[in-house]
Structure formats: structure tokens, C-alpha cells
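A.B. asks: This is the structure I want to talk about, given as C-alpha cells.
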Amino acid sequence: LTAQGITPDYARPHPTVHQPAAQVYQRRGLLIAEINGKAEGARCLSCQDICEICTEVCPNRANVAITVPGFSDPRQIVHIDGLCNECNTCGTFCPHAGLPYKDKLTVFWTREDFDDSTNPGFLPLGEHTYLVRMPGGDVFEHSQAQDFQTANKMTDEMTRVLDVLEGSYSYLLAPTESSAAEVYAR
Numbered sequence: 008l009t010a011q012g013i014t015p016d017y018a019r020p021h022p023t024v025h026q027p028a029a030q031v032y033q034r035r036g037l038l039i040a041e042i043n044g045k046a047e048g049a050r051c052l053s054c055q056d057i058c059e060i061c062t063e064v065c066p067n068r069a070n071v072a073i074t075v076p077g078f079s080d081p082r083q084i085v086h087i088d089g090l091c092n093e094c095n096t097c098g099t100f101c102p103h104a105g106l107p108y109k110d111k112l113t114v115f116w117t118r119e120d121f122d123d124s125t126n127p128g129f130l131p132l133g134e135h136t137y138l139v140r141m142p143g144g145d146v147f148e149h150s151q152a153q154d155f156q157t158a159n160k161m162t163d164e165m166t167r168v169l170d171v172l173e174g175s176y177s178y179l180l181a182p183t184e185s186s187a188a189e190v191y192a193r
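Okay, structure coming up:
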């Protein structure tokens, strides 16, 4: 294209239209039967503002949006490894060229799954105790009640997510294989 003096249109940044969160959520899942050029912009899902597509397209519901205070986007995606079969549907639809089943903070249900993965995340070991893998690969045991020196190994963001998981979404923390089997049986 350059040799012919043609500038590719895909080199331009996408136009961005920011909209209130309530309007974005209201349009999710709507289909527009008739194509109307003037209305095409209204079909934009505003992924730059709220992107939870991986939670909507996963056939196993392995990606979950949880509300975590202190982030610019109050809803954070947590990947539930025990529900994922790595079909990559979330990666196919991700507008950010990500792989949510690999990139997102992960909750593991078994030690075997934790050991077989490179994902950052948590494996519940017992009451308020977790095996943690950091984004860089560092693995350590963490107790929510332990001293600050060990607690400081976790990032503030990971600590906030774990606090919310324990407080409001504890049903996602199935620490044993029998608990995972119970979730599948439901």
C-alpha cells in the first residue's frame, strides 16, 4: 500500500464515544434487525469503557465480573479455572487482543490445576489461607491474617480482589475437588 501511496484506514485509531455505564449495560445483548447507517454508531458496545464480553461469550461461565472498589473500572473479571475447558471463545471475542482465560486473575479449585497453569491467581488451602501465584510467576503461601512482611508480597490490587472474593463471592472459592464436583452437579 505504501508503494502506491495509499494510507490504510486500519492504521487510524478507532473513534471513541464514551457513554454512561447504565446506557452501555442497557444495550448489551440487543440485536438490531435493520441496518440504518445513521444508527450504526449506537450499536457500539463501548468496550473502552466497559468490557465484559468474555463473561458473556464463555459457554461455561468461567469468566465472572465481580465488583471490587478502588479500580478505575469497579467490575473486575476473575477467571474460574475449574469451569474452563480452554476453548478460547473469550479470546476470540476479546476486543483487546487478550486471552482472558490466561490473562485474568484466576481462582483455582485443585492443586493439580494450579501446578499445571502459569496464570496469576489463588488456590484456597484452608480457611483464609491461599497459595498465590503472582504475575511474574512467584509462588507463596498467603494467609489473610499473616504479618505485613509476607502480606506485602501481594500487590494491592490482588489483595483487594481476594478480600472481595472472600467477603462477597466466597462461593467461587471451592477449595476441594469435592466442592468442584458439587458446582458441576448443580
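Numbering-wise, the working numbering puts 165 at position 158 of the sequence shown, and it's gapless, one number per residue.
Each residue gets a CB set at the ideal place from its N, CA and C atoms; glycine is no exception.
Please say whether Leu138 and Phe121 have beta carbons closer to each other than 9 angstroms?
C.D. replies: Cβ distance < 9 angstroms, so Phe121 and Leu138 count as in contact.
A.B. asks: Looking at Asp56 and Ala28, is the spacing between their C-beta atoms short of 9 angstroms?
C.D. replies: Yes.
A.B. asks: For Val85 and Val168, which I take to be in contact (beta-carbon distance under 8 angstroms), what is that distance rounded to the nearest angstrom?
C.D. replies: So it is a contact: roughly 7 angstroms between Cβ atoms.
A.B. asks: Please report the straight-line C-alpha distance between Ile60 and Arg35, rounded to a whole angstrom.
C.D. replies: Distance between the alpha carbons of Ile60 and Arg35: 9 angstroms.
A.B. asks: Going by DSSP in three states, Tyr137 sits in which element: helix, strand or coil?
C.D. replies: Strand at Tyr137.
A.B. asks: Can you check whether the CB of Ile87 is closer than 9 angstroms to the CB of Val2?
C.D. replies: No information on residue 2 is available, as it lies outside the stretch 8 to 193 that the chain covers here.
A.B. asks: What do you get for His135, buried or exposed, if any count of 16 or more other CB atoms within 10 angstroms of its CB means buried?
C.D. replies: Result: exposed.
A.B. asks: Would you give the residue range spanned by the alpha helix (DSSP H) that Ile60 belongs to?
C.D. replies: From DSSP, the alpha helix (DSSP H) with Ile60 extends over 60-64.
A.B. asks: Using three-state DSSP, classify Leu106 as helix, strand or coil.
C.D. replies: Correct three-state label for Leu106: coil.
A.B. asks: Which residue marks the beginning of the alpha helix (DSSP H) containing Arg118, and which one marks its end?
C.D. replies: Run containing Arg118: 118-123, per the alpha helix (DSSP H) assignment.
A.B. asks: In whole angstroms, give me the CA-to-CA distance for Ser124 and Val114.
C.D. replies: Rounded to the nearest angstrom, the two C-alpha atoms are 11 angstroms apart.
A.B. asks: First and last residue of the alpha helix (DSSP H) that includes Arg34?
C.D. replies: First-last of the alpha helix (DSSP H) with Arg34: 28-34.
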